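J.: So the sequence shown is numbered by our numbering: it starts at 35 and just counts up by one.
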Amino acid sequence: MNGSQDQSEQSPITNVLAVVCVTDVERARGWYERALGRPVDREPMEGCLEWQLGDGGGLQVIADPEHAGHGMVTLGVDDIDAHVAVLRGRGLEVDGTHEGDMPEGATIRIAQLRDPDGNLVTFGEEPQTRPDSHQRTKAD
35 MNGSQDQSEQ SPITNVLAVV CVTDVERARG WYERALGRPV DREPMEGCLE
85 WQLGDGGGLQ VIADPEHAGH GMVTLGVDDI DAHVAVLRGR GLEVDGTHEG
135 DMPEGATIRI AQLRDPDGNL VTFGEEPQTR PDSHQRTKAD
């Protein structure tokens with residue numbers, strides 16, 4: 035595929051599942067239930083936990099010790115500061131919040147934590163337009 039695809043074309047994809055591999059699915063269950071704020075939605079097969087997140091998205095946590103600890107997943111939230119407070123209130127260790135500039139004059143704010151196997155879980159707000167972005171040029 036190339037980047038010239040007509041943007042009006044609809045993708046046939048209706049669902050996306052991020053997959054995180056863990057060594058112990060029951061230990062991970064408790065951690066992810068605290069991180070996501072609710073119990074697992076379904077267990078489609080042995081060693082697989084699944085949460086539906088938003089419209090057409092979800093997270094699967096699967097028992098796969100060989101690949102555990104190398105995953106990364108990013109989840110969107112409305113208010114990163116409020117969400118960090120909730121996560122900490124649930125006993126999760128959060129590595130503070132971070133802010134970074136994105137192309138085209140936007141700033142993103144994120145918070146990161148690691149599950150018991152070391153997989154990186156990032157929560158992020160929607161990028162916000164920087165107040166000074168209208169003054170920036172390509173020469174900046």
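Using N, Cα and C, we set each Cβ at its ideal position, and we do this for glycine too.
Just so we're clear, the structure is a prediction, and the values are computed from it rather than from any experiment.
#1: How about the region 149-157 and the region 93-108: do they share at least three Cβ pairs that are nearer than 8 angstroms?
#2: Taking the C-alpha atoms as reference points, what is the distance between His117 and Arg72?
#3: Indicate the three-state DSSP secondary structure (helix, strand or coil) for Asp115 in the structure shown.
#4: For the region 120-139 and the region 60-76, state whether three or more C-beta atom pairs, one from each stretch, are separated by less than 8 angstroms.
#5: Quick check: the region 51-64 against the region 87-102, are there 3 or more CB pairs under 8 angstroms?
#6: Starting from the C-beta of Arg122, find all residues in its chain whose C-beta is less than 7 angstroms away, skip the five residues before and the five after it, and write them out in chain order.
T.: According to the structure shown:
#1: Under the three-pair Cβ rule at 8 angstroms, the region 149-157 counts as touching the region 93-108.
#2: Approximately 14 angstroms, taken between the alpha carbons.
#3: helix
#4: yes
#5: These segments touch.
#6: Residues Val128 of the same chain have their beta carbon placed closer than 7 angstroms to that of Arg122, with the five preceding and five following residues left out of the count.
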